[in-house]
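Structure, as structure tokens:
Numbering (our numbering), first residue to last: 1 to 656.
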């Protein structure tokens, strides 16, 4: 009697809400389309598929013929669709009420467009916290996939992880499938025959074992070298044909294996994610030490035994690491509570915007750009700003003072129905958020430069490509590639946040006392300076009254301009265009500077009541992606210098 193993093969497809259309179209051409066309030709090859809701909706509208193949595969029982949060939120990081609505939104979308309600769900970034179990169970989800690492951390052994286990939270049952790390690292990076041979080695005489795989479909065509490897060199075709030809491997759907086999028993998993994420979520110094510890264990051939005890951090640490992520997250939670408070008066558009504000991608960073990508943060802020404007029209609000982001400093909301400025009692006397409601934009949405763990690779110039062995291809995790030249200066961290109107004298930041706020006006005091911030219509007014003539006043304004260093962003001075936002510029004795932005669909006009010198430069950060290290423009930095500070200064930003 032949030994058997059930192959539970699943792929997860996702693009961040707000991603560029040309990126999605390229992903479709190099991955989604050839993948669907390939598996469509093998009806006996059963598989499970997860599309995040925003991407699924885009593909249904843009590529109906390709999605018709998916619909047909679902109808003929070849494909099982997995659910999850509609906009791909990390469920553990959003309120319970929003978990339910996110899960319901994607389940309804799948039922309406593909004719199937899901029984299984994909957990974003495989982030597990026990609190999500009840939410999933209440949403008619019976099982989810998480990494085998989660189970090892709970005390299980690798050889046990060939089926599903059960857990519960407050009496709500949820079943858990452990995704094989060994398969994740082989598919598609080893040769197809090697992958088949490994699958066959898992077969058992009773046929009760499962080889469990569920991973990003983008590894099958979008990651470096994978399009040529998977499609041009026909890795996927060879793999499928090898699976179907094997007497030991039986492709199966998760739902069928789940209904035909018993649970392997109860398990309670710790809060964790996949191994790489647990390193990424640590700050640079801790991540360096963690990586050194992992390397030490590997060098001594102990890692496979000790890795369950090498935990690293948890996903929520990103809110501790990045103040920008934490602020965005707490603003989202603030608006979630307001939407919930409306009850049935909350509109469908409000709930849609709230879901978009919860998309995970802009809140974190690892191998992928995440929070470092301005257009992803902008998509979240677009949703937040539009949602807040809609809520204000429906119910109004008090612009209360509170420590919203739990950093020990109160925030002050100053504004009207056109503009809003948020100040923080952190001594900087600066504006941390500047919202233009008609443009759905936060001009304070930028990112400070900080030390990252991967800077060590940049400094050491380690060529990890040379570490790869065998006939397959290297994973993006194992590459070091420079998309842009990176200098030591590019890696220097910023001393303070990149916000608006950071004031300095003789090179030192001015320290302000707690703001005094009344309506749309705030007053801040420092030694020798009175700073007044007010909003009038579409104008932000910043006025300085000073008493020390021998200390020139300088203020730094970091403006998030959506065009960044693209061709649609430009400066205009006296009717002329001296350059784009990506170019350093300087002007002396001017009183007006316009920043026109075609992506924004508007402009900012800066005017002063007396001539000043303005230095403009792009603020860039260094990040990593699957393509390598790159410099990304985050904001326009304007340094406004007024040499005669005893005369005071008035600056107006008009948003048009």
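In this text, a Cβ means the ideal position worked out from N, Cα and C, and glycines have one as well.
Considering residue i, what are the terminal residues of the beta strand (DSSP E) in which it resides?
i           : result
residue 213 : 210–216
residue 400 : Looking at the DSSP string, residue 400 is not in any beta strand (DSSP E), and its letter there is neither H nor E.
residue 187 : First-last for residue 187: undefined, no H or E at that position.
residue 122 : 120–122
residue 649 : 649–655
residue 667 : Residue 667 lies beyond the range of the chain shown here (1 to 656); nothing can be said about it.
residue 609 : 602–625
residue 642 : 628–642
residue 10  : 5–13
residue 304 : Where residue 304 is concerned, there is no enclosing beta strand (DSSP E), although the alpha helix (DSSP H) it sits in stretches over 303–306.
residue 172 : 172–179
For the alpha helix (DSSP H) containing residue i, list its first residue and its last residue.
i           : result
residue 335 : 323–342
residue 258 : 254–260
residue 675 : As shown, the chain starts at 1 and ends at 656. That puts residue 675 outside it, with no answer to give.
residue 142 : Run containing residue 142: none; DSSP gives neither H nor E here.
residue 244 : 235–245
residue 113 : 96–114
residue 357 : 348–357
residue 248 : Premise fails: residue 248 is in no alpha helix (DSSP H) and is neither H nor E.
residue 197 : 192–201
residue 275 : 275–280
residue 264 : Neither: residue 264 is in no alpha helix (DSSP H) and is coded neither H nor E.
residue 459 : 455–460
Does the beta-carbon of residue i have 16 or more other beta-carbons within 10 angstroms, so that it is buried, or is it exposed?
i           : result
residue 484 : exposed
residue 651 : buried
residue 143 : buried
residue 253 : buried
residue 588 : exposed
residue 4   : buried
residue 424 : buried
residue 440 : buried
residue 14  : buried
residue 406 : exposed
residue 133 : buried
residue 473 : In this prediction, residue 473 has a pLDDT of 47, which is less than 50 and means its spatial position is unreliable; what the coordinates show is noted afterwards. So residue 473 ends up on the buried side.
residue 299 : exposed
residue 146 : buried
residue 466 : Here residue 466 scores only 40 on pLDDT, less than 50, and its place in the model should not be relied on; the value that follows carries that caveat. Classification of residue 466: exposed, given that the 10 Å Cβ count is below 16.
residue 347 : exposed
residue 210 : buried
residue 16  : buried
Taking Cβ positions, are residue i and residue j nearer each other than 8 Å?
i           : j           : result
residue 215 : residue 187 : yes
residue 228 : residue 192 : no
residue 592 : residue 617 : no
residue 388 : residue 354 : no
residue 562 : residue 600 : yes
residue 378 : residue 445 : yes
residue 8   : residue 199 : no
residue 27  : residue 225 : no
residue 61  : residue 251 : no
residue 666 : residue 312 : Missing from the structure shown is residue 666; the chain here goes from 1 to 656 and no further.
residue 515 : residue 412 : yes
residue 554 : residue 459 : no
residue 533 : residue 414 : yes
residue 212 : residue 178 : yes
residue 173 : residue 137 : yes
residue 506 : residue 529 : no
residue 290 : residue 279 : yes
residue 383 : residue 357 : yes
residue 87  : residue 372 : no
residue 349 : residue 101 : no
residue 169 : residue 131 : yes
residue 635 : residue 647 : no
residue 115 : residue 75  : yes
residue 110 : residue 67  : no
- Message: Quick check for students: name the residue ranges of the beta strand (DSSP E) that lie wholly in the stretch 383–440, counting only runs of 3 or more.
- Response: 411–415, 419–424, 431–436
- Query: On the three-pair Cβ rule with 8 Å, is the stretch 315–334 touching the stretch 35–51?
  - Reply: no
- Contact between the stretch 489–508 and the stretch 394–412: three or more CB pairs below 8 Å? no
- Message: Whether or not the stretch 94–113 and the stretch 259–271 are in contact is what I'm after, with contact meaning three or more pairs of Cβ atoms, one per stretch, closer than 8 Å; do they touch?
- Response: no
- Message: Taking contact to mean 3 or more Cβ pairs, one atom from each stretch, closer than 8 Å, check whether the stretch 119–134 and the stretch 76–93 are in contact.
- Response: yes
- Message: If contact is defined by three or more beta carbon pairs under 8 Å, each pair taking one atom from either stretch, is the stretch 442–456 in contact with the stretch 363–380?
- Response: yes
- Task: Please determine if the stretch 565–584 and the stretch 523–541 are in contact, where contact requires at least 3 C-beta pairs separated by less than 8 Å.
- Result: no
- Query: At which residue ranges does the stretch 535–599 contain complete beta strand (DSSP E) runs of 3 or more residues, listed in the order of the chain?
  - Reply: 539–546, 553–559, 569–573, 576–580, 585–597
- Query: Hey, which unbroken runs of the alpha helix (DSSP H) at 4 residues or more fall wholly within the stretch 14–82?
  - Reply: 21–27, 33–40, 53–62, 64–75
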